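First residue of the sequence shown? That's -14 in my numbering, and the numbers climb one at a time after it. Backbone N, C-alpha and C define an ideal beta-carbon position, used for all residues, glycine too. Since we're looking at a predicted model, the values are computed, not measured. Read the structure below first, then the notes.
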Amino acid sequence: MKLHQSDTQKYQTVTGYDETGVEINAERYNYSLIVLPEVAPRAWNAPTFESITAEHFDLIGAENPDVVILGTGARQRFIHPRLTAALTLRRIGVECMDSQAACRTYNILMGEGRKVALALIIDANEGKSA
């Protein structure tokens, strides 16, 4: 799905997404990544939902966002609270949602000037038969 352009183009904006990846400012990414409004997107070594550890969230916490939007793939899944405990202690919220909803929510919060981090899991094998 393509999203419309807005006046937020000086920031990292989700401009499209589908089952296999995401576009940030019209640049395609087919791997898990972290997106923050004022920092170039970077790879996130979380290839699957099952591979996520507390250390993955420590990396995001170093950016001091107000909230982390976790895109869990094609369906919404919930992360165990022990993995985000360090963020919770610092009053950094974590919201889990499917990746399409996460992309939309990130754009809205970023457009409101919130300090938001988008953590997207893009699993190359998701949806494929075994």
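May I ask which residues mark the beginning and end of the alpha helix (DSSP H) holding residue i?
i, result
"THR90", "84 to 96"
"LEU21", "Per DSSP, LEU21 belongs to no alpha helix (DSSP H); it is in the beta strand (DSSP E), 18 to 21."
"THR73", "70 to 74"
"ILE45", "39 to 46"
Should residue i be labelled buried (16 or more other beta-carbon atoms within 10 Å of its own) or exposed?
i, result
"HIS41", "buried"
"SER36", "exposed"
"ILE106", "buried"
"VAL7", "buried"
Note down the Cα distance separating residue i from residue j, rounded to an integer number of angstroms.
i, j, result
"ASN15", "ARG62", "20 angstroms"
"LEU94", "LEU103", "10 angstroms"
"GLU4", "LEU74", "33 angstroms"
"THR69", "TYR91", "19 angstroms"
"ARG13", "ILE19", "14 angstroms"
"ARG60", "LEU72", "23 angstroms"
"GLY98", "ARG89", "15 angstroms"
"GLY1", "ASP43", "27 angstroms"
"VAL53", "ILE9", "17 angstroms"
"MET82", "LYS(-5)", "26 angstroms"
From which residue to which residue does the beta strand (DSSP E) around residue i run?
i, result
"GLY6", "6 to 9"
"PRO50", "Note, PRO50: premise wrong, no beta strand (DSSP E); not H, not E."
"ASP3", "-1 to 3"
"TYR14", "12 to 14"
Can you determine whether any heavy atom of the ligand SAH sits closer than 8 angstroms to the C-beta of residue i, and answer yes or no?
i, result
"ILE77", "By its list of ligands, the structure shown contains no ligand whatsoever, and the ligand SAH lies outside what it can speak to."
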